[in-house]
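What follows is a short report on a single structure.
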Amino acid sequence: MTARSADARPLGARSEVVHAASAIRIADLRVSYPSPLLDGTRVHALRGVDLEVARGEFVALMGPVGAGKSTLCLALNGAIPHIVDCDSSGTVSIMGQETGTAPFAQLALDVGLVFENAEAQLFNATVADEIAFGLEGMGIPPDEIERRIDAALEEVSLPGFRDRSPRALSGGEQKRLALASVLAMRPNILVLDEPTAGLDARGRYEVLSAIERLQEAHGHEMTVVMATQDAEAVARFADRIVVLRDGQISLSGTPEEVFTQVEALERWGLGVPQLARLAYHLGLPPAYTPECAAQRWAGLIEPLPNPVTPSELPVDPPQATIVEIRELRYEYPASDQRALHGVTLDITQGEWLGIVGTNGSGKTTLLKHLNGLLHPTSGTVRVDGMDTRDQQVGQLARIVSYLPQNPDHSIFCATVREEIAYGPRQLGLRGQALDQRVAESLDLLGLSSLAEHPPAVLGYGQRRQVALASILAADAPMLVLDEPSVGLDRGTVTRLMDVVSTRHRQGTTVVMVTHDLQLVARYAQRVIVLSEGRVCAEGRPHELLGDVSLVRESGLEPLPVTLLGYALGWPRPLPVQVAAWEAK
Amino acid sequence: MSEWVYAPGDGLFHRLDPRSKFFFAAAITIYLAIESQPLALLIALASLHVIALLSRTTRVRLLPLWQALLPLLVLLLVFGGVRWQPDKAWLALGPLAVTRASLWRVLGMAARIAGISLAFSLVLWTTEPGDAVAGLTRLGVPFAVGFPAIMILQYVATFRRQFQQILEAQQSRGLTFSRWNPYQVARAYIPVLVPLLITALRSVDTLALALESRGFGSSVPRTSRRVVRLRAIDWAFMAACVAAIPALVLV
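Residue numbers (the numbering used here), protein chains in the order written: chain A, 1 to 584; chain B, 585 to 835.
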C-alpha cells in the first residue's frame with residue numbers, strides 16, 4: 001500500500017504515510033439479510049470482500065447506493081455479527097481481534113462508528129452529556145470525562161457548545177458532535193458513514209478538516225474508513241479508495257490510480273472529481289485538485305472563448321410569470337429571528353431556477369412559500385396569479401408539485417403503483433386517465449417491474465425514484481425540488497435529473513434548491529444566491545458561478561474548474577466550459 | 585414537545601436535587617389519587633399553579649400545557665358532566681343536562697388529571713435530563729431502565745417535527761382535512777401516520793446501534809459526571825411537602 005502524492009493534499013502536512021501494521025483485515029466477508037419482502041429470499045449485501053487497511057491509513061469507500069458500504073461499516077465495529085439481524089461468514093479482524101469472537105463492548109472501544117443520520121445517534125439533552133455517554137459506560141472517572149469533553153469539542157471546533165441541545169445544532173454541527181462523541185472514547189479506528197451528506201460547502205469543509213486535524217493530532221496513528229459519494233472530498237483527503245459494487249470490491253488504489261478510471265466509474269454511476277473527468281476527456285495528465293491541475297496542465301490547456309454574454313444572447317420571447325414574490329418577509333412563530341428579509345423574485349413559466357445558499361440561509365423557507373405551506377409575515381406570494389394566502393396547500397398542489405428531500409416523508413402505500421396514484425387521485429383524477437398517468441410515470445422512472453412492490457422496503461435510491469414518479473404523475477406545471485441529489489450516487493442523480501429535464505423541455509417550470517453547484521451549472525438557466533434570508537446575487541449560472549469571490553462570500557465553495565481557471569490566470573473561468581471542453 | 589422538555593432557570597425547583605422533586609411529584613400524585621373532594625382537588629391544583637408562577641421558566645409553559653391538556657379535559661367534561669337528568673338540571677342542553685353534582689365531580693376529575701400532569705411537568709421543566717437519570721440511578725433504578733425513560737421525552741420533540749414535515753409533504757400532494765366526518769378525518773391521517781411510523785422505526789434502528797456502539801448495557805460499572813446531592817434545602821422541601829398534604833386533607 002502506498003501513500004498518495006502530497007500535491008493533492010492542500011490542507012494536510014503529511015508527506016509520507018508509513019503503515020507499520022494492519023488495523024483491519026477482512027477475509028471473504030459475506031453478509032446477507034432476510035428480504036424485506038418477507039418472501040423467504042435473502043439480500044446479499046457483501047459477497048466475499050477481502051480488504052486490508054494499514055494503521056493510520058485513510059480509506060474512502062465509494063460505491064453506488066446499495067453497494068454494501070454501510071454493511072461493511074457495521075461489520076467493522078462488530079455490529080455485524082453481534083447486533084444486526086443477518087447471516088455472515090468470513091473473518092473481520094480489528095487490531096488483531098476477530099469481531100466474531102471478541103465481545104462487542106470491547107470492539108466498540110477500538111472502532112468508533114459515526115452513522116449517516118447524525119440526529120438519530122444523538123440521544124442526550126446536552127452536548128456535554130452526549131460526549132460523556134460513552135465515557136461513563138467505559139467507567140472513566142468524572143474528572144477525566146470533563147477533560148475529554150473539552151478536548152473532543154476542541155478537536156471538532158465546537159468549543160463553548162457544552163450546554164447546547166444537540167437538536168438545536170445545524171446539520172454540520174450535529175455531524176461534528178457525533179464525531180466528537182466517538183472520538184472522546186479514543187478509538188484506534190474511526191468509521192464514518194456518509195459524514196458530509198446533506199451539508200453545505202462550509203459544513204463539509206468543517207467535518208473533513210476536523211477529521212484531518214485529528215489524524216495529525218494523533219500522529220497519523222488513527223485509521224479512518226469513510227463511506228462517501230463525495231468524490232471531491234475523497235480526492236483531497238483519502239490515501240486509498242476502495243470501490244464497492246454489488247457487495248464486491250471492484251477497484252482499489254490511490255486516488256490517482258482510481259480517478260484515472262473515469263469511464264468505468266461513470267459507467268458504475270459513481271462521482272468523479274470534475275478535473276479528473278476533464279483530464280480524461282482532454283487527454284491531460286491526471287489531476288483532480290485545482291492546485292495540482294494548475295501545475296501539471298500549465299501550457300497544455302487553453303481557455304475556450306467565453307460563452308456569449310447575456311446581452312449578446314438572442315432575446316427570448318417574453319414568457320408569463322408563474323410566481324411573483326414581492327417584499328416577502330417571514331418570521332417563524334416560535335422564533336424572534338426573521339428567516340426571510342424582503343425577498344422579491346419573479347419565476348418565469350418554463351424556466352429552470354436554481355436556488356443556492358448555505359444551511360440556514362432561508363432556501364427551504366422560500367420553497368415552502370411557493371406551495372402555500374408557509375404564508376408571508378408580510379409581502380405577497382402569487383402563484384399563477386393567485387395569492388397563496390387565499391389558497392389551501394392541497395389546491396396549490398394542482399400547480400406546484402413539491403419533492404421533499406426525504407422520500408420517507410411521503411411514502412405510505414402498499415404498492416409503488418398506489419403510491420404514484422395517490423397524488424393525482426387527491427387532485428381528482430380517476431379511472432383510465434389515472435391508470436394511464438401512473439403507467440407513464442412508472443415507465444419514465446423505470447419502475448414498471450417494481451409496480452406491485454411495497455415502496456417502503458425498496459432501497460434508498462429507488463424510494464427517491466418513487467417519490468419523484470409520484471409528483472410527476474400529478475402533472476403540475478411547476479416542480480419544486482428540495483436537494484434532489486442528497487444521499488444518491490451520481491448515476492441515480494443523473495437518471496432523476498434527466499427525467500426532470502425531459503419534463504422541463506416539455507414546458508414544466510423547475511425550481512431546485514441544492515448545495516450541489518455542479519448540478520446547478522449543468523441544469524439551471526438562472527440561479528439566485530440566498531444569504532441570511534436575502535437574495536444576494538442573481539444571474540445566469542455561468543456568470544454567477546464563475547465569480548470566485550461572490551461564491552465564497554455567499555458561503556459556497558467554487559467549482560474546481562473555476563478555481564483552476566483562476567490559478568491559471570484566466571479572466572473569468574466558467575463552469576459551462578467543462579461541457580464544451582468535454583465535447584471538444 | 586416543548587411542554588415536557590427541560591429549560592434552564594434559577595427558581596427554587598431548578599436548585600433542588602432531582603430526588604426531592606421526584607418525592608414531590610409522587611406525594612402530589614398519591615394525594616390527588618386518594619382525595620375525593622372536588623374543592624380540595626381544585627385547591628391543590630391552584631397551589632401547584634402558584635408554585636409554577638413563581639419562576640419565569642415554568643410560568644411561560646403553563647399555557648402550552650393547558651393547550652395540550654385541553655382536548656382531553658373537554659372530552660372529560662362532555663362525557664363525564666352531561667347527564668340525562670333534565671329535572672335536576674343546573675344547565676339544560678335540550679334533553680341533556682348538567683347537574684351540580686356531575687359538574688363538581690367532573691371538575692374534580694379534571695383537577696386531578698391537570699394536577700398530576702402539572703406536578704410531573706414541573707419536575708421535567710426544571711430537571712436536566714442527565715440529572716434526572718442520575719437521580720433515578722441513585723434511587724436504585726437501573727440505568728438501563730432510567731435512561732430510556734428520560735431519553736424518550738427528548739424524542740417527542742423530534743417526532744413532533746417529523747410529523748410536521750410529513751404532514752407538509754402529504755399536503756403538497758393534495759392531502760386536505762376539510763371533511764368534518766370523523767371517519768374521513770381519521771382516514772386522511774393515514775398518509776401522515778404511516779410514514780411517521782416507518783421513519784420512527786428507521787431512526788430507532790440507528791439509535792439502538794448508536795447506543796450499543798457507545799457502551800450502553802456493557803458490564804463495566806458506569807460512572808457519572810452528574811453529581812446529585814441532597815442538601816438542607818431538599819430536606820426542608822420534602823418536609824414541607826409532607827406537612828402540606830395533611831393541611832390539604834383538612835381543608
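Note that CB positions come from ideal geometry on N, CA and C, so glycine has one too.
Check the DSSP bridge columns for A:Asn114 and list the partner residues they point to.
-> For this step, residue 114 of chain A is matched to residue 114 along the first sequence. In the sequence under discussion, the amino acid at residue 114 of chain A is Val, which differs from the Asn named in the question. DSSP lists A:Leu192 as partners of A:Val114.
Give me whichever residues DSSP pairs with A:Ser88 in a beta bridge.
-> As a position in the first sequence, residue 88 of chain A is number 88, starting the count at 1. In DSSP, A:Ser88 forms a bridge with A:Val31.
Tell me whether the beta-carbon of A:Pro484 lies closer than 8 Å to the beta-carbon of A:Ile399.
-> Along the first sequence, one-based indexing puts residue 484 of chain A at 484. Along the first sequence, one-based indexing puts residue 399 of chain A at 399. No, they are not a contact pair.
Of the residues A:Leu353, A:Leu442, A:Ile26, A:Lys363, which one's Cα is nearest the Cα of A:Ala521?
-> On the first sequence, position 521 is the one that residue 521 of chain A refers to. The candidate whose alpha carbon is nearest that of A:Ala521 is A:Leu353.
Count the C-beta pairs between the segment 42-52 of chain A and the segment 116-125 of chain A that are closer than 8 Å, then say yes if the count reaches three, no if not.
-> no
Would DSSP call A:Thr380 helix, strand or coil?
-> The residue given as residue 380 of chain A occupies position 380 in the first sequence. Here A:Thr380 sits in strand by DSSP.
Write down the C-beta distance between A:Ala554 and A:Ser531 rounded to the nearest angstrom, noting that I regard them as a contact closer than 8 Å.
-> Looking up residue 554 of chain A in the first sequence gives position 554. Looking up residue 531 of chain A in the first sequence gives position 531. Reading off the sequence shown, one finds Ser at residue 554 of chain A, where the question assumed Ala. Sure, about 5 Å apart at Cβ, within 8 Å.
Sequence-distant residues of the same chain with beta carbon closer than 8 Å to A:Asp28, five excluded per side | Here residue 28 of chain A refers to the residue found at position 28 of the first sequence. Excluding sequence neighbours, A:Asp28 sits near Gly48, Val49, Asp50, Ser89, Gly90, Thr91.
Give, in chain order, every residue of the segment 788-812 of chain B whose Cβ lies closer than 9 Å to some Cβ of chain A.
-> Val788, Asp789, Thr790, Leu791, Ala792, Leu793, Ala794, Leu795, Glu796, Ser797, Arg798, Gly799, Phe800, Gly801, Ser802, Ser803, Val804, Pro805, Arg806, Thr807, Ser808, Arg809, Arg810, Val811
As assigned by DSSP and simplified to three states, the class of A:Val457 | The count along the first sequence starts at 1 and reaches residue 457 of chain A at position 457. A:Val457: helix per DSSP, three-state reduction.
Could you list the residues in the segment 743-755 of chain B with a C-beta less than 7 Å from some C-beta on chain A, going in chain order?
-> Gln749, Ile750, Glu752, Ala753, Gln754, Gln755
Taking just the CA atoms, how far does A:Glu543 sit from A:Thr309?
-> If you number the first sequence from 1, residue 309 of chain A lands on position 309. If you number the first sequence from 1, residue 543 of chain A lands on position 543. Reliability of the predicted coordinates at A:Thr309 is poor, the pLDDT of 44 falling under 50, and no value is obtained from them.
With distances taken from CA atoms, which of B:Thr710, B:Phe607, B:Ala611 is nearest B:Arg645?
-> Sequence index remark: in the second sequence, residue 645 of chain B carries index 61 (1-based). Checked all of B:Thr710, B:Phe607, B:Ala611; the closest Cα to B:Arg645 is B:Thr710.
If you measure from the beta carbon of A:Ser449 to each beta carbon in chain B, is any gap under 8 Å?
-> Start at 1 with the first residue of the first sequence, and residue 449 of chain A comes out as number 449. False, the Cβ-Cβ gap to chain B never drops below 8 Å.
Could you pull out every residue in the same chain whose Cβ sits closer than 6 Å to the Cβ of A:Met226, ignoring the five residues on either side in sequence?
-> By 1-based counting over the first sequence, the position of residue 226 of chain A is 226. Hits under 6 Å: Ala60, Leu192.
Contact set for B:Ser604: own chain, Cβ-Cβ below 6 Å, skip 5 residues either direction | One-based indexing of the second sequence puts residue 604 of chain B at position 20. Contacts found: Asp818, Phe821, Met822.
Tell me whether B:Gln755 is buried or exposed, calling it buried when 16 or more other Cβ atoms sit within 10 Å of its Cβ.
-> Start at 1 with the first residue of the second sequence, and residue 755 of chain B comes out as number 171. Per the 10 Å Cβ criterion, buried.
Residues, ordered as in the chain, of the segment 613-633 of chain B that lie near chain A by beta-carbon distance below 8 Å | Using a CB distance below 8 Å, no part of the segment 613-633 of chain B faces chain A.
Would you give the residue range spanned by the beta strand (DSSP E) that A:Thr321 belongs to?
-> Counting from 1 along the first sequence, the entry for residue 321 of chain A is found at position 321. Per DSSP, A:Thr321 belongs to the beta strand (DSSP E) from 321-331.
Using the rule of at least 16 other Cβ atoms within 10 Å of the residue's Cβ for burial, across every protein chain shown, is A:Asp194 buried or exposed?
-> As a first step, residue 194 of chain A must be located in the first sequence, where it is residue number 194. As written in the sequence, residue 194 of chain A is Glu, which differs from the Asp given in the question. The residue in question, A:Glu194, is buried, as its Cβ has 16 or more Cβ neighbours within 10 Å.
Output yes or no for whether 8 Å exceeds the beta carbon distance between A:Asn406 and A:Val480.
-> Locating residue 406 of chain A in the first sequence gives position 406, where the first residue counts as 1. Locating residue 480 of chain A in the first sequence gives position 480, where the first residue counts as 1. Not a contact, by the Cβ cut-off of 8 Å.
Members of the segment 731-743 of chain B that neighbour chain A once the beta carbon cut-off is set at 7 Å = Met735, Gln738, Ala741, Thr742
Within 10 angstroms of its Cβ, does A:Glu40 collect 16 or more other Cβ (buried), or is it exposed?
-> As a working note, residue 40 of chain A is residue 40 in the first sequence. The question names Glu, but residue 40 of chain A is Gly in the sequence shown. Looking at its Cβ environment, which holds fewer than 16 other Cβ atoms inside 10 Å, A:Gly40 is exposed.
What is the rounded straight-line gap between the Cα of A:Leu107 and the Cα of A:Met222?
-> Position 107 of the first sequence, counted from the start, is the residue given in the question as residue 107 of chain A. Position 222 of the first sequence, counted from the start, is the residue given in the question as residue 222 of chain A. Using only the alpha carbons, I get a separation of about 15 Å.
If we count the other Cβ atoms within 10 Å of its Cβ and call it buried at 16 or more, is A:Ile24 buried or exposed?
-> If you number the first sequence from 1, residue 24 of chain A lands on position 24. Buried is the call here.
Nearest chain B C-beta to A:His409 closer than 8 Å, yes or no?
-> By one-based count along the first sequence, residue 409 of chain A stands at place 409. True, the Cβ-Cβ gap to chain B drops below 8 Å.
Would you check if the distance between the CB atom of A:Arg540 and the CB atom of A:Arg526 is smaller than 8 Å?
-> As a working mapping, residue 540 of chain A is identified with position 540 in the first sequence. As a working mapping, residue 526 of chain A is identified with position 526 in the first sequence. Result yes, Cβ atoms of A:Arg540 and A:Arg526 sit closer than 8 Å.
Rounded straight-line distance, which links the Cα of A:Ala152 to that of A:Val160 | As a working mapping, residue 160 of chain A is identified with position 160 in the first sequence. As a working mapping, residue 152 of chain A is identified with position 152 in the first sequence. It is Gly, not Val, that sits at residue 160 of chain A in the sequence shown. Rounded to the nearest angstrom, the two C-alpha atoms are 12 Å apart.
Contacts that A:Thr364 makes with chain B (C-beta to C-beta distance below 7 Å) | Indexing the first sequence from 1 puts residue 364 of chain A at position 364. Those do not exist, as A:Thr364 stays about 10 Å from chain B at its closest Cβ, beyond 7 Å.
Closest to A:Asp246 by CA distance: which of A:Ala45, A:Arg552, A:Leu109, A:Asp346 is it?
-> To locate residue 246 of chain A, count along the first sequence from 1; it is residue 246. Among A:Ala45, A:Arg552, A:Leu109, A:Asp346, the Cα nearest to that of A:Asp246 belongs to A:Ala45.
Within chain B, the residues that A:Ile140 reaches when beta carbons sit closer than 8 Å | Taking the first residue of the first sequence as 1, we reach residue 140 of chain A at position 140. What A:Ile140 touches in chain B: Thr807.
When DSSP builds the beta bridges, which residues end up paired with A:Glu232?
-> By one-based count along the first sequence, residue 232 of chain A stands at place 232. The partner list for A:Glu232 (beta bridge, DSSP) is empty, contrary to what the question assumes.
Let me know the secondary structure DSSP gives A:Ala45 once reduced to three states.
-> Taking the first sequence and counting its residues from 1, one reaches residue 45 of chain A at position 45. If DSSP states are grouped into helix, strand and coil, A:Ala45 belongs with the strands.
Could you name the residues that DSSP lists as bridge partners for B:Val666?
-> As a working note, residue 666 of chain B is residue 82 in the second sequence. BP columns for B:Val666 point to B:Val682.
Residue-level contact to chain A via CB, B:Arg771, 8 Å cutoff = The residue given as residue 771 of chain B occupies position 187 in the second sequence. It does not; no Cβ of chain A falls within 8 Å.
Beta-carbon proximity of B:Leu743 to B:Arg806, cut-off 8 Å = Looking up residue 743 of chain B in the second sequence gives position 159. Looking up residue 806 of chain B in the second sequence gives position 222. In the sequence as presented, Leu is not what sits at residue 743 of chain B; that position holds Phe. No, the pair does not count as a contact, with Cβ atoms beyond the cut-off.
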